[in-house]
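For reference, the structure is listed below as structure tokens.
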Amino acid sequence: MKLLEDKIRSEGIVVNDNILKVDSFINHQVDPVLMMEIGKALAEHFKDKGVTKVATIESSGIAPALTCAMSLGVPMVILKKQPSKTLNSDLYQTIVTSYTKGTSYELTISSKYVNENDHVLIVDDFLANGEAATGALRLIRKAHATIAGIGIVIEKSFQPGHDKLAAQGIDVYALARIKKMDKDYIEFMED
Numbered sequence: 018m019k020l021l022e023d024k025i026r027s028e029g030i031v032v033n034d035n036i037l038k039v040d041s042f043i044n045h046q047v048d049p050v051l052m053m054e055i056g057k058a059l060a061e062h063f064k065d066k067g068v069t070k071v072a073t074i075e076s077s078g079i080a081p082a083l084t085c086a087m088s089l090g091v092p093m094v095i096l097k098k099q100p101s102k103t104l105n106s107d108l109y110q111t112i113v114t115s116y117t118k119g120t121s122y123e124l125t126i127s128s129k130y131v132n133e134n135d136h137v138l139i140v141d142d143f144l145a146n147g148e149a150a151t152g153a154l155r156l157i158r159k160a161h162a163t164i165a166g167i168g169i170v171i172e173k174s175f176q177p178g179h180d181k182l183a184a185q186g187i188d189v190y191a192l193a194r195i196k197k198m199d200k201d202y203i204e205f206m207e208d
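Just so you know, we're using this note's numbering here: the sequence shown kicks off at 18 and counts up by one.
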């Protein structure tokens, strides 16, 4: 998605060859016009997959997941990183290790919102090693739902996440695929 790649080039900050900060338009401050285009592009790719729900892990995936769900006309479900004090029965849970933060957290969803009748599209802001996406897959499968695919805003294609998920037969679609990056340099994969 050229619009997204241009925004990454102009406002993204490459900290090192593994970390890209997109705080000014995706995960701290959100560019709503760009986010609507991201949602439309993800929805366009998955429109014929029978998606009944869009799911994301809180919090940076919420904006793209919401705009995608709006474009598809289906509900969005947030996979919580910490169980709520009021959301404490009929939960599905799994442990996920965050590559970026180097910590683990318990991912949770209520059985009220995802079940065996759902065909779920998982949407997230980044794909690197695939740990968060794998945790989301486990959680959705615990709810006995099926997976429509995984939509990603920015994929670090030089890390193993895409291949790990695709090897499971999952449709992994990323709007911006970074081939390599270093301080002041980003190279995107060709379509």
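Here a beta-carbon is modelled for each residue, glycine too, at the ideal position from N, C-alpha and C.
Bear in mind the structure is a predicted one, so any value in this text is a computation, not a measurement.
(request) Compare the C-alpha of residue 34 against each of 155, 22, 145 and 163 and name the closest. (result) For this step, residue 34 is matched to residue 17 along the sequence shown. Considering only alpha carbons, the answer is 145.
(request) Would you check whether the ligand MG has a heavy atom nearer than 8 Å to the C-beta of residue 30? (result) Summarising the ligand content, the structure contains no ligands, and the ligand MG is consequently not present.
(message) Quick check: what's the CA-CA separation for residue 159 versus residue 204?
(response) Translated into positions along the sequence shown, residue 159 becomes position 142. Translated into positions along the sequence shown, residue 204 becomes position 187. Distance between the alpha carbons of residue 159 and residue 204: 37 Å.
(request) Look at the Cβ atom of residue 42, then the Cβ atom of residue 19, and state whether they are nearer than 9 Å. (result) By 1-based counting over the sequence shown, the position of residue 42 is 25. By 1-based counting over the sequence shown, the position of residue 19 is 2. No. Outside cutoff.
(message) My output table needs one value for residue 159: the three-state DSSP class, helix, strand or coil.
(response) Locating residue 159 in the sequence shown gives position 142, counting from the first residue. Taken through DSSP and simplified to helix, strand or coil, residue 159 comes out as helix.
(request) To the nearest angstrom, report how far apart residue 172 and residue 58 are at their CA atoms. (result) Taking the sequence shown and counting its residues from 1, the one referred to as residue 172 is at position 155. Taking the sequence shown and counting its residues from 1, the one referred to as residue 58 is at position 41. It is roughly 15 Å from the alpha-carbon of residue 172 to the alpha-carbon of residue 58.
(request) Just the C-alpha distance for residue 206 and residue 183, rounded to the nearest angstrom, thanks. (result) For the purposes of this step, residue 206 is identified with residue 189 of the sequence shown, where counting begins at 1. For the purposes of this step, residue 183 is identified with residue 166 of the sequence shown, where counting begins at 1. If you take the alpha carbons of residue 206 and residue 183, they lie about 17 Å apart.
(message) Need the endpoints of the alpha helix (DSSP H) that residue 175 sits in, please.
(response) Here residue 175 refers to the residue found at position 158 when the sequence shown is read from its first residue. Secondary structure note for residue 175: it is in no alpha helix (DSSP H), with a DSSP letter that is neither H nor E.
(message) Let's see if you can read the secondary structure: which residues bound the beta strand (DSSP E) around residue 128?
(response) The residue labelled residue 128 in the question sits at position 111 within the sequence shown. DSSP places residue 128 in no beta strand (DSSP E); its state is neither H nor E.
(request) State buried or exposed for residue 187, treating a residue as buried only when at least 16 other CB atoms are found within 10 Å of its CB. (result) Start at 1 with the first residue of the sequence shown, and residue 187 comes out as number 170. It is buried - the Cβ of residue 187 has at least 16 other Cβ atoms within 10 Å.
(message) At the level of alpha carbons, what is the spacing between residue 32 and residue 134?
(response) Against the sequence shown, residue 32 aligns to sequence position 15. Against the sequence shown, residue 134 aligns to sequence position 117. In a straight line, the C-alpha of residue 32 is about 43 Å away from that of residue 134.
(message) On a Cα-Cα basis, can you pick out the residue from 29, 66, 110 and 174 that is closest to residue 147?
(response) Residue mapping note: residue 147 aligns to position 130 of the sequence shown, counting from 1. When only C-alpha atoms are compared, the closest one is 174.
(request) State the DSSP-derived secondary structure class of residue 23, mapped to helix, strand or coil. (result) Position 6 of the sequence shown, counted from the start, is the residue given in the question as residue 23. In the displayed model, residue 23 falls within a helix according to three-state DSSP.
(message) According to DSSP, is residue 18 part of a helix, a strand, or is it coil?
(response) Residue mapping note: residue 18 aligns to position 1 of the sequence shown, counting from 1. The three-state secondary structure of residue 18, taken from DSSP, is coil.
(request) Can you give me the Cβ contacts of residue 108 inside the same chain, cut-off strictly under 8 Å, excluding the 5 residues immediately before and after it? (result) Working through the sequence shown from its first residue, we reach residue 108 at position 91. Cβ neighbours of residue 108 within its own chain (closer than 8 Å, five residues either side excluded): 100, 125, 126, 127 and 128.
(message) Cutting at 7 Å between CB atoms, please list the residues of its own chain near residue 53, excluding the five before and the five after it.
(response) Here residue 53 refers to the residue found at position 36 when the sequence shown is read from its first residue. Same-chain partners within the cutoff: 84.
(request) For the alpha helix (DSSP H) containing residue 63, list its first residue and its last residue. (result) As a first step, residue 63 must be located in the sequence shown, where it is residue number 46. 49–63 is the span of the alpha helix (DSSP H), which, as asked, contains residue 63.
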